[in-house]
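The opening position of the sequence shown corresponds to residue 5 in the working numbering, with each subsequent residue numbered one higher.
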Amino acid sequence: MAEAMPTAAAAEATGAAAVTVAPAGALAALGILVALAVLAAMLDGALTARADGASGGVVRPFTETARLMRQRRRSTVRPDAPLWRIGGAGLLVAAALMVAVVPLGGWAVADLDVGVVWFNAMDVVVWASVWLVGWGANSVPGLVGGYRFLAQALGYELPLMFALVAPAIAAGSLNLGRVAAAQEGLWFAVWMPVAFVVYLLGVAGFSVWGPLAPAIGTDIAGGARAELSGVDRLVFEAGRYALLAAGAAFAVPMFLGGGAGPGLPGWAWGLVKTVALLAVLVWLRRRLPALRPDTFLEAGWMVLLPAVLVQDLVVAVVTVWRS
């Protein structure tokens with residue numbers, strides 16, 4: 005391990021492939037993801053308590069965890085229990101696999117040449133997971149929530165895919181370490197603002213968060229999580245926070261310059277940027293109105309998709325001109 009340290013530093017400095025630290029590093033990456041998810045839940049609890057004029061919001065995630073762990077699991081008539089459980093756990097698995105390709109300084113759990121594509125593939129796993137949660141319950145509210153999520157996902161998935169294309173075009177690579185290194189002097193978020201905003205909307209979409217949370221809404225139709233209780237509900241909610249943290253972490257090498265920054269080592273800057281962006285995503289939850297899935301689907305195809313395609317064209321022209 006000691007001999008690999010200079011190699012990792014060199015990789016970070018030159019933009020070469022990151023040093024792979026799996027499987028031991030996988031445990032550290034998982035621990036960081038859990039810590040970020042807990043931090044997001046604490047901040048969300050604090051903001052919720054403040055909005056309600058209550059106190060003790062920071063500890064609300066822990067009290068809610070204790071309550072759900074004591075709660076008995078409810079069940080519906082003839083549910084598809086295996087699919088129901090797999091769907092809930094799938095959110096946590098997808099989040100863990102997303103961060104596996106994110107470099108932290110000069111290290112990565114899995115330094116894939118197709119890391120950008122891998123992230124998009126894990127987003128598809130989230131599609132399946134939320135759908136299975138709604139379908140497996142054998143319940144009308146759950147099924148309606150599953151369909152809502154699919155309609156919403158159709159609105160953000162293509163724009164998200166093309167938003168991820170823009171940094172890859174500019175860097176000439178699908179490897180996250182090389183994408184981060186290509187931002188020396190100017191972050192991609194600065195001259196690719198459309199792609200960055202669309203990406204953040206995609207993160208809110210697959211986290212079922214903020215304006216894109218009607219799929220788990222509490223209106224008369226219910227939502228995909230309507231029949232979840234006890235540990236099942238806890239796992240689903242933990243998965244949402246973990247996905248939000250994974251999306252923030254992935255944005256750092258894609259749009260925010262990776263670990264570049266003065267005074268601190270690369271891994272520290274990576275964590276600082278991740279926490280800052282995660283805090284913004286949590287804060288925005290109550291600042292934006294909820295969007296109906298059909299309304300968002302129309303906006304996604306008629307507004308977001310053309311806008312991000314124009315962004316890709318601009319990036320391609322600038323990249324060719326520079327070369």
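A virtual CB, placed ideally from N, CA and C, is assigned to each residue, including glycine.
Per-residue DSSP class, three states only, for residue i
i      : result
Ala264 : coil
Trp195 : helix
Ala294 : coil
Trp111 : strand
Pro27  : coil
Gly221 : coil
Val117 : The sequence as given places Asp at residue 117; Val does not occur at that position. Of the three classes helix, strand and coil, the one that applies to Asp117 here is coil, per DSSP.
Ala228 : coil
Leu205 : helix
Trp135 : helix
Boundaries (first-last residue) of the alpha helix (DSSP H) holding residue i
i      : result
Met258 : Gly234 to Phe259
Leu309 : Leu309 to Arg326
Val279 : Gly270 to Leu288
Asp298 : Pro297 to Ala303
Beta-carbon gap between residue i and residue j smaller than 9 Å
i      : j      : result
Leu95  : Val134 : yes
Ala246 : Ala112 : no
Val106 : Phe254 : yes
Val137 : Gly92  : yes
Ala193 : Leu260 : yes
Asp298 : Ala155 : yes
Lys277 : Val307 : no
Met102 : Ala250 : yes
Ser177 : Leu72  : no
Tyr203 : Leu168 : yes
Gly209 : Tyr160 : yes
Trp305 : Leu164 : no
Ala114 : Ala98  : no
Gly270 : Gly109 : yes
Asp236 : Trp88  : yes
Anticipated Cβ contact below 8 Å, residue i with residue j, distance rounded
i      : j      : result
Ala50  : Phe153 : At roughly 27 Å, the Cβ-Cβ gap does not stay under 8 Å, so Ala50 and Phe153 are not in contact.
Ala230 : Ala294 : Rounded, the Cβ-Cβ distance is 17 Å, inconsistent with contact.
Asp56  : Ala170 : Wrong, their Cβ atoms sit about 40 Å apart, outside the cutoff.
Asp48  : Arg244 : 10 Å between Cβ atoms; not a contact.
Worksheet item: Considering only residues of the segment 138 to 186, which uninterrupted alpha helix (DSSP H) runs meet the minimum length of 4 residues and lie entirely inside it, listed in chain order?
Response: 144 to 175 and 180 to 185
Worksheet item: If you scan the segment 32 to 109 from start to end, which runs of the alpha helix (DSSP H) of 4 or more residues do you find wholly inside it?
Response: 64 to 74 and 85 to 103
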